[in-house]
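*Asks:* I have a structure here, written as structure tokens, and I will follow up with some questions on it.
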Amino acid sequence: MTRCALAPLMVAQALGAAAAGASVTVSAMTASRLSGAAWSAGLAQSATVVGAAALSMPIARLAARHGRRTALIVAYAVATVGALAAATGVTIGSLALFFAALAALGGGTVAGLALRFAAAELQTDPTRRPGSIALVLWMAAVGGLVGPNIASMLDTQWGRAAPFVMIAATYTADIAVVSTLRRPPQAMAPDPRSRPIEPESAAPPTALVNASITAVAGHMAMTGLMGLAPPFLASAGASGAMIGAVMSAHLVAMYAASPLIGVVVRRLTAQHSCAVALMVYAGACALIVVGTGSTMTFAIGLTLLGLGWSFGMIASSAILASAPPPKRLQAQGRLDTLINVGGATASALTGISVSAAGYPTVAAWVGACVAVLAVGMALRGTIRRQLSQRFVESSIEDRADS
Numbered sequence: 002m003t004r005c006a007l008a009p010l011m012v013a014q015a016l017g018a019a020a021a022g023a024s025v026t027v028s029a030m031t032a033s034r035l036s037g038a039a040w041s042a043g044l045a046q047s048a049t050v051v052g053a054a055a056l057s058m059p060i061a062r063l064a065a066r067h068g069r070r071t072a073l074i075v076a077y078a079v080a081t082v083g084a085l086a087a088a089t090g091v092t093i094g095s096l097a098l099f100f101a102a103l104a105a106l107g108g109g110t111v112a113g114l115a116l117r118f119a120a121a122e123l124q125t126d127p128t129r130r131p132g133s134i135a136l137v138l139w140m141a142a143v144g145g146l147v148g149p150n151i152a153s154m155l156d157t158q159w160g161r162a163a164p165f166v167m168i169a170a171t172y173t174a175d176i177a178v179v180s181t182l183r184r185p186p187q188a189m190a191p192d193p194r195s196r197p198i199e200p201e202s203a204a205p206p207t208a209l210v211n212a213s214i215t216a217v218a219g220h221m222a223m224t225g226l227m228g229l230a231p232p233f234l235a236s237a238g239a240s241g242a243m244i245g246a247v248m249s250a251h252l253v254a255m256y257a258a259s260p261l262i263g264v265v266v267r268r269l270t271a272q273h274s275c276a277v278a279l280m281v282y283a284g285a286c287a288l289i290v291v292g293t294g295s296t297m298t299f300a301i302g303l304t305l306l307g308l309g310w311s312f313g314m315i316a317s318s319a320i321l322a323s324a325p326p327p328k329r330l331q332a333q334g335r336l337d338t339l340i341n342v343g344g345a346t347a348s349a350l351t352g353i354s355v356s357a358a359g360y361p362t363v364a365a366w367v368g369a370c371v372a373v374l375a376v377g378m379a380l381r382g383t384i385r386r387q388l389s390q391r392f393v394e395s396s397i398e399d400r401a402d403s
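Listed below in structure tokens is the structure:
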């Protein structure tokens, strides 16, 4: 596979990340303005997450029937309609229409997640899939830096509806970009003539379960702790500039280091990288707990959490991309659904828990849960290897006796 084949996916990721970042920047403020109450701000992001969770499986089924390119076009089209509806809702002052539109914007989230699988499918060599996924994720850093700044400028100079018109235009550009995609060797579109994945390159069921646990647990830990980090730092006396620097370091770690992490995942193998990712999550949570009295230590912990998210997302995506062909797209759709539902659940639970027990305690709970998962995954692998070895030894002895 050449970089030229991957280029459209990278451009689409950058555009989609810019649109998503713009939406996150202005949606909460716009919802508060429309309702005149602070409670609606929290529901704005939740609406998009719920919409993404609802759209994940339908888009995956569409990909299974009509190909990845068609599914991506439909997902971006839904997001485009959602952005235009949001602009309309803002113009006529309809909060209900605005929230419904934000749910449709979840189509952009679904497409952005699906791009990593599309990148993996372009690679016929399974060992190179982590690198392809990493390059696509890396482009999200570019869009994430540009989108929020443009949205803020448009909101200030052109009115509240202008950012959503820009988001619609960006997703329309995404449709044009993904329309240029050609069918990859194995899976952008179904092809009964294509050669199935060889058994040794297909991910076993245990690996698929481990990958799903790693991706969902990591996304929940990242979403819950990242979302409440700014208010905690503010309550601890950190300046606005310091809070911005901490959050920027976290976001850069999530995306900018993806190419390097892709190389590491390739060297370690994706399955071993899942266990490593869980340990990174646990270590990050420990640093966050220890660093509640030190902004620098806290920042290192949050940055490590971003690196762990990238590590887990690349490793788990590479494994899911190697699932047996009949179940691959369904497994990927289920994973993205779980990721979106898990993120929404984590946001809600951590918000309640922090109010009751405090941020450090919640970070300790999250770290403990992730550590238990890491130990359980390691023990499960050890037990399976021992049982397999005993079975082989028993078979050899039976043959010798006969």
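Residues in the sequence shown are numbered from 2 upward in steps of one, following the numbering used here. We treat Cβ as the ideally placed atom computed from N, Cα and C, and that holds for glycine.
Does the segment 156 to 176 touch the segment 72 to 85, meaning 3 or more C-beta pairs lie closer than 8 Å?
*Replies:* Segments in contact, yes.
*Asks:* Ordered along the chain, which non-local residues of its own chain (more than five positions away) have a Cβ less than 7 Å from that of VAL111?
*Replies:* Counting from one through the sequence shown, the residue named residue 111 turns up at place 110. Excluding residues within five positions, the ones whose Cβ falls inside 7 Å are ALA53, LEU56, SER57, ILE60, ALA76 and ASP337.
*Asks:* For GLY225, which residues in the same chain have their Cβ closer than 8 Å to its Cβ, ignoring the five residues on either side in sequence?
*Replies:* Locating residue 225 in the sequence shown gives position 224, counting from the first residue. Only ALA347, SER348, LEU350, THR351, VAL363 and VAL367 meet the Cβ criterion.
*Asks:* For my contact list, LEU116 and GLN272 are in at a C-beta cut-off of 8 Å; report their separation, rounded to the angstrom.
*Replies:* Locating residue 116 in the sequence shown gives position 115, counting from the first residue. Locating residue 272 in the sequence shown gives position 271, counting from the first residue. That pair is no contact at about 23 Å.
*Asks:* Hey, could you find the ends of the alpha helix (DSSP H) GLN158 is sitting in?
*Replies:* Working through the sequence shown from its first residue, we reach residue 158 at position 157. Run containing GLN158: 130 to 158, per the alpha helix (DSSP H) assignment.
*Asks:* Looking at the secondary structure, which residues open and close the alpha helix (DSSP H) in which LEU305 lies?
*Replies:* Locating residue 305 in the sequence shown gives position 304, counting from the first residue. Note, LEU305: alpha helix (DSSP H), 296 to 321.
*Asks:* Around the C-beta of PRO164, are 16 or more other C-beta atoms found within 10 angstroms, so that it is buried, or is it exposed?
*Replies:* The sequence position of residue 164 within the sequence shown is 163, counting from 1. Burial call: buried.
*Asks:* With respect to the alpha helix (DSSP H) encompassing GLN272, which residues constitute its N-terminal and C-terminal limits?
*Replies:* Start at 1 with the first residue of the sequence shown, and residue 272 comes out as number 271. That run of the alpha helix (DSSP H) goes 271 to 291.
*Asks:* Who are the Cβ neighbours of MET378 in its own chain at under 6 Å, not counting the five residues just before and after it?
*Replies:* For the purposes of this step, residue 378 is taken as residue 377 along the sequence shown, with counting starting at 1. Excluding sequence neighbours, MET378 sits near ASN211 and ALA276.
*Asks:* Starting from the Cα of ALA119, find the closest Cα among GLN333, LEU339 and HIS220 and give me that residue.
*Replies:* Working through the sequence shown from its first residue, we reach residue 119 at position 118. Comparing Cα-Cα distances from ALA119 to each of GLN333, LEU339 and HIS220, the minimum goes to GLN333.
*Asks:* Between ALA369 and LEU279, is the Cβ-Cβ spacing less than 8 Å?
*Replies:* Indexing the sequence shown from 1 puts residue 369 at position 368. Indexing the sequence shown from 1 puts residue 279 at position 278. No, Cβ-Cβ distance for ALA369 and LEU279 is not below 8 Å.
*Asks:* From what residue to what residue does the alpha helix (DSSP H) around THR110 run?
*Replies:* Locating residue 110 in the sequence shown gives position 109, where the first residue counts as 1. Counting along the chain, the alpha helix (DSSP H) containing THR110 begins and ends at 107 to 122.
*Asks:* If distances are taken between C-alpha atoms only, which option among ILE315, PHE233, ARG70 and MET314 comes closest to SER356?
*Replies:* Sequence index remark: in the sequence shown, residue 356 carries index 355 (1-based). Comparing Cα positions, the closest option is PHE233.
*Asks:* Nearest to THR293 by alpha carbon, out of ILE340, PRO231 and GLY145?
*Replies:* On the sequence shown, position 292 is the one that residue 293 refers to. Ranking the options by Cα distance to THR293, first place goes to PRO231.
*Asks:* VAL166 and ALA88 look like a contact to me (Cβ under 8 Å); what is the Cβ gap, rounded to whole Å?
*Replies:* Here residue 166 is taken as the residue at index 165 of the sequence shown, counted from 1. Here residue 88 is taken as the residue at index 87 of the sequence shown, counted from 1. Confirmed, Cβ separation roughly 5 Å.
*Asks:* Determine the contact status of THR49 and LEU106, defining contact as a CB-CB distance below 8 Å.
*Replies:* Residue 49 sits at position 48 when you count from the first residue of the sequence shown. Residue 106 sits at position 105 when you count from the first residue of the sequence shown. In this structure, LEU106 lies closer than 8 Å to THR49 by Cβ.
*Asks:* For LEU136, which of GLN46, SER95, ALA65 and PRO9 has the nearest alpha-carbon?
*Replies:* Looking up residue 136 in the sequence shown gives position 135. Ranking GLN46, SER95, ALA65 and PRO9 by Cα distance to LEU136 puts PRO9 first.
*Asks:* Around the Cβ of MET223, are there at least 16 other Cβ atoms within 10 angstroms (buried) or fewer (exposed)?
*Replies:* Taking the first residue of the sequence shown as position 1, residue 223 is located at position 222. Answer is buried; the Cβ neighbour count reaches 16.
*Asks:* Determine the extent of the alpha helix (DSSP H) in which GLY238 is found, giving its start and end residues.
*Replies:* By one-based count along the sequence shown, residue 238 stands at place 237. That residue, GLY238, is in no alpha helix (DSSP H); it is neither H nor E in DSSP.
*Asks:* Shorter than 7 Å, the distance from the beta carbon of THR224 to the closest heavy atom of the ligand MG, or not?
*Replies:* Although the ligand MG was asked about, the structure shown includes no ligands whatsoever.
*Asks:* Would you give the residue range spanned by the alpha helix (DSSP H) that GLY359 belongs to?
*Replies:* Residue mapping note: residue 359 aligns to position 358 of the sequence shown, counting from 1. Careful: GLY359 lies outside any alpha helix (DSSP H) and carries neither H nor E.
*Asks:* By how many angstroms is the C-alpha of SER249 removed from the C-alpha of ALA38?
*Replies:* Residue numbering aside, residue 38 sits at position 37 when the sequence shown is read from its first letter. Residue numbering aside, residue 249 sits at position 248 when the sequence shown is read from its first letter. So the alpha carbons of these two residues sit roughly 29 Å apart.
*Asks:* Could you give the C-beta distance for VAL309 and VAL281, rounded to a whole number, given that I count them as a contact under 8 Å?
*Replies:* Within the sequence shown, residue 309 is the residue found at index 308, counting from 1. Within the sequence shown, residue 281 is the residue found at index 280, counting from 1. Note that residue 309 is Gly in the sequence shown, not Val. So it is a contact: roughly 4 Å between Cβ atoms.
*Asks:* Can you tell me whether ALA19 is buried or exposed, with buried defined as 16 or more other CB within 10 angstroms of its CB?
*Replies:* As a working mapping, residue 19 is identified with position 18 in the sequence shown. Looking at its Cβ environment, which holds 16 or more other Cβ atoms inside 10 Å, ALA19 is buried.
*Asks:* Taking ALA257 as the reference, which of ASP175, VAL91, SER236 and LEU305 has the closest Cα?
*Replies:* To locate residue 257, count along the sequence shown from 1; it is residue 256. Of the listed residues, the one whose Cα sits closest to ALA257 is LEU305.
*Asks:* Just curious, the alpha helix (DSSP H) that ASP175 is in, first and last residue?
*Replies:* As a position in the sequence shown, residue 175 is number 174, starting the count at 1. 163 to 179 is the span of the alpha helix (DSSP H), which, as asked, contains ASP175.
*Asks:* Measure the C-alpha to C-alpha separation of ARG344 and ALA216 and round it to an integer number of angstroms.
*Replies:* Within the sequence shown, residue 344 is the residue found at index 343, counting from 1. Within the sequence shown, residue 216 is the residue found at index 215, counting from 1. One point to set straight first is that residue 344 is Gly, not Arg, in the sequence displayed. Going from the Cα of GLY344 to the Cα of ALA216 covers about 11 Å.
*Asks:* Counting C-beta neighbours from all protein chains within 10 Å, is the total for ILE353 16 or more, i.e. buried, or is it exposed?
*Replies:* By one-based count along the sequence shown, residue 353 stands at place 352. Classification for ILE353: exposed.
*Asks:* CA-CA distance, LEU155 and ALA254?
*Replies:* Residue 155 sits at position 154 when you count from the first residue of the sequence shown. Residue 254 sits at position 253 when you count from the first residue of the sequence shown. Spanning the two alpha carbons is a distance of roughly 28 Å.
*Asks:* With a threshold of 7 Å on Cβ separation, who are the neighbours of ALA45 within its own chain once the five nearest residues in sequence on each side are excluded?
*Replies:* Position 44 of the sequence shown, counted from the start, is the residue given in the question as residue 45. These residues qualify, in order along the chain: SER28, ALA29, ALA32 and LEU103.
*Asks:* Between the alpha carbons of THR207 and LEU182, how many angstroms are there, rounded?
*Replies:* For this step, residue 207 is matched to residue 206 along the sequence shown. For this step, residue 182 is matched to residue 181 along the sequence shown. Distance between the alpha carbons of THR207 and LEU182: 32 Å.
*Asks:* Whose C-alpha, out of GLY359, ILE340 and GLY17, is nearest the C-alpha of VAL143?
*Replies:* Translated into positions along the sequence shown, residue 143 becomes position 142. Comparing Cα positions, the closest option is GLY17.
*Asks:* Let's see if you can read the secondary structure: which residues bound the alpha helix (DSSP H) around ILE85?
*Replies:* As a working note, residue 85 is residue 84 in the sequence shown. Looking at the sequence shown, residue 85 is not Ile but Leu. Note, LEU85: alpha helix (DSSP H), 69 to 93.
*Asks:* In the structure shown, what three-state DSSP assignment does THR338 receive?
*Replies:* Against the sequence shown, residue 338 aligns to sequence position 337. Helix, per DSSP.
*Asks:* Going by alpha carbons, who is nearest to ALA372 out of LEU85, ALA23, CYS5 and GLY284?
*Replies:* Within the sequence shown, numbered from 1, the residue matching residue 372 stands at position 371. That would be GLY284, whose Cα lies nearest to the Cα of ALA372.
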